[in-house]
Structures are given as structure tokens and as C-alpha cells.
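Some notes on the structure that comes next.
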Amino acid sequence: MKSELEELCELDRQIFAKFEISEINTEEITQLVDNREQLLQKVLQLLDSFPEVKQSSDWFDAISRTKKLVELMQLETSRVGKTLHKYRYGNKSVQQYKKFL
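Encoded structure:
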């Protein structure tokens, strides 16, 4: 069980590192998040066999990192959405100007 939590911690570290790069590679992040989800499902199943882990600092750290990851992904999604909105608005303006040419 400890090795799974350590592996989860390592995956989290890799995901956070991907968000620190200016040019975000969504495919790599998606793969890491998918791996994290699979590992988390395994950990949740193991919690039934080892309920004492729910009181461990490793588990509380994993929960804290999960909350931070969710927040980070929401912020990044919002940022990308705003950029897309600006792009679309600019594209509409270009289309309007082309009508005059």
C-alpha cells in the first residue's frame, strides 16, 4: 500500500511539473492523469483491506495534492478558454474586414 501511495506522489509530481512548462503538452498530461486515475482506483480498493491508511499522513497528503491538481486544472482550463474566446473574437473581426476587400 505504501508503494502505491509513493507512486501516486511521483505521478502528482510529474503532473505538476508539466503545468510549470510554458508550452503545455495536453497529451502527456492526459496520459499522466489517466495513469493517476487507474492507480487511485487501485489505492481505493486497497483501502478496504487497510482502513488504517485513511488516517496516515501519506493519505492526507494524497488528498491535498488531489485538491491542488483539480484547482490547477480548472485554472488552466479557464485560461485556455479565455484565450480561445479572444482568438474567435479576433477571427470574427478578420472575417468582417475581409467583406470590405
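Take the sequence shown: its letters are residues 5 to 105, numbered as in this note's numbering.
Glycine residues also receive a C-beta, built at the ideal position from the N, C-alpha and C atoms.
Whole-angstrom distance between residue j and residue i, CA atom to CA atom
i          : j           : result
residue 94 : residue 6   : 51 Å
residue 67 : residue 21  : 18 Å
residue 48 : residue 56  : 13 Å
residue 54 : residue 27  : 40 Å
residue 97 : residue 46  : 50 Å
residue 84 : residue 104 : 31 Å
residue 65 : residue 100 : 53 Å
residue 25 : residue 33  : 11 Å
residue 82 : residue 88  : 10 Å
residue 91 : residue 80  : 16 Å
residue 35 : residue 102 : 41 Å
residue 10 : residue 23  : 20 Å
Reduced DSSP secondary structure (H/G/I, E/B, other) of residue i
i           : result
residue 29  : coil
residue 54  : coil
residue 105 : coil
residue 77  : helix
residue 60  : coil
Distance CB(residue i)-CB(residue j) smaller than 7 Å
i          : j          : result
residue 43 : residue 12 : yes
Outcome for residue i when other beta-carbon atoms lying within 10 angstroms are tallied against a minimum of 16
i          : result
residue 40 : buried
Would you call the region 10-28 and the region 67-81 in contact, with 3 or more CB pairs under 8 Å?
yes
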